[in-house]
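Q:
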Amino acid sequence: MDASTTPPSGCPPGLECLSQIDQILVHQQIELLEVITGFETNNKYEIKNSFGQKIYFAAEDTDCCTRNCCGVSRPFTMRIIDNMGQEAITLERPLRCDSCCCPCCLQEIEVHAPPRVPVGYVTQTRHPRLPRFTIQNERREDALKVIGPCVGCSCCADVDFEIKSLDEETTVGKISKQWTEAFTDASSFGIQLPLDLDVKMKAVMLGACFLIDFTERPIIIWFPSYVEFKKQNR
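In terms of this note's numbering, the sequence shown has 102 at position 119, counting the first letter as 1, and numbering is strictly consecutive.
(1) Which residues in the same chain have their Cβ closer than 6 Å to the Cβ of Ile72, if we skip the five residues on either side of it in sequence?
(2) When you compare only the Cα positions, how much space is there between Thr198 and Phe59?
(3) Between the beta-carbon of Pro177 and the beta-carbon of Val142, is there less than 9 Å?
(4) So, under 8 Å CB-CB, Pro114 and Gly131 are touching, yes? Tell me the CB distance rounded to an integer number of Å.
(5) Less than 9 Å between the C-beta atoms of Pro101 and Glu70, yes or no?
(6) By the 10 Å Cβ neighbour count, where 16 or more other Cβ atoms means buried, how is Thr45 classified, buried or exposed?
(7) Nearest by alpha-carbon distance to Ile146: which of Gly173, Cys88 and Val9 is it?
(8) How many Å lie between Tyr28 and His10 at the Cα?
(9) How is Asp5 classed by DSSP in three states: helix, strand or coil?
(10) Taking DSSP as the reference, what is the three-state secondary structure of Val187?
(11) Kindly indicate which residue of Leu(-2), Phe144 and Pro(-5) has the alpha-carbon position closest to the one of Phe193.
(12) Rounded to whole angstroms, what's the CA-CA distance from Pro(-4) to Asn66? Just pull it up for me.
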C-alpha cells in the first residue's frame, strides 16, 4: 500500500475504505417474499463507492415478531460487513414509539466501529415541520446537523437531507433518498461527504442514512403510494 492510500492514523479496522471516498451509495435488496406477501423480512443492503464497487454489505438482525409487530418503529441491529467478511460497523437502534406527541419518541441510533466500540450517535431533534437530526461523536458532542425537507414536499421525487455545520450556515454534504418505492419499499440512498471528513463520522453518516430510511419512511412513502393506489382504483 503506497502513501496515497495509507489510511489515516487511528482509523478503526474495517473503515480504511472510507478514508478515500466522498460519496457512498446504499441500495436495498428487493426481497421477493416481501413483494408478494407484504410480510416484513430482514432488510439487506449493498453499500458501494461512486464507481459502483461494493465496499460493504449490511444486514438487519431482527426477529420476525419484532419486524411485523413494530414495523418501521422497531428496534434493530444492523451489521455492516466488509469485503473480507468481517463486521466493520454495527448500528443499534432502540425501540421508539412512532407517536409525535411525546419527547421519549425521538429516534436515535448508536454506531459502533468495530463492534462494541462506540464512535458516534445520530439523534432526532424535535421540530414542528422539518425532519432534523444531530450527528454526535463518541463523546456525545454535537458535530453536524442533518436537515430534511418540509413534510409534504417529497411527493414522487428524490428527497435531499442536507448535512450542515452546527450553526447551520454551511452545507457540507447531503443524504439523498431516491424515489423508487411506488410498488416496493426497497430504498436507494446516496451520501455526499467531504473527502477529509473523519472516517468515524463517515461511519456515523451511514447510521444516519439507515435511521432516515426507517424514521422518515412514512413521510416519504405513504403519500405518493396512496396517490398511485387511488389512480389505479378510480
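Using N, Cα and C, we set each Cβ at its ideal position, and we do this for glycine too.
A: Working from what's here:
(1) For the purposes of this step, residue 72 is identified with residue 89 of the sequence shown, where counting begins at 1. Closer than 6 Å at the Cβ level, and outside the excluded window around Ile72, lie Ile63, Ala96 and Ala186.
(2) Position 215 of the sequence shown, counting from 1, holds the residue named residue 198. Position 76 of the sequence shown, counting from 1, holds the residue named residue 59. Near 12 Å, if we compare the C-alpha coordinates of Phe59 and Thr198.
(3) As a first step, residue 177 is located in the sequence shown; it is residue number 194 there, counting from the start. As a first step, residue 142 is located in the sequence shown; it is residue number 159 there, counting from the start. When the beta-carbon positions are compared, Pro177 and Val142 stay at least 9 Å from each other.
(4) What you label residue 114 is simply residue 131 of the sequence shown in a count that begins at 1. What you label residue 131 is simply residue 148 of the sequence shown in a count that begins at 1. The Cβ separation is near 4 Å, so the contact holds.
(5) Residue numbering aside, residue 101 sits at position 118 when the sequence shown is read from its first letter. Residue numbering aside, residue 70 sits at position 87 when the sequence shown is read from its first letter. It is not a contact, given that the beta carbons lie outside the stated cut-off.
(6) Position 62 of the sequence shown, counted from the start, is the residue given in the question as residue 45. Classification for Thr45: buried.
(7) Locating residue 146 in the sequence shown gives position 163, where the first residue counts as 1. Among Gly173, Cys88 and Val9, the Cα nearest to that of Ile146 is on Gly173.
(8) Position 45 of the sequence shown, counted from the start, is the residue given in the question as residue 28. Position 27 of the sequence shown, counted from the start, is the residue given in the question as residue 10. So the alpha carbons of these two residues sit roughly 5 Å apart.
(9) Here residue 5 corresponds to residue number 22 of the sequence shown, with the count starting at 1. Three-state DSSP puts Asp5 in coil, outside helix and strand.
(10) Stepping through the sequence shown from its first residue, residue 187 is reached at position 204. If DSSP states are grouped into helix, strand and coil, Val187 belongs with the helices.
(11) What you label residue 193 is simply residue 210 of the sequence shown in a count that begins at 1. Of Leu(-2), Phe144 and Pro(-5), the residue nearest in Cα terms is Phe144.
(12) The sequence position of residue -4 within the sequence shown is 13, counting from 1. The sequence position of residue 66 within the sequence shown is 83, counting from 1. About 12 Å.
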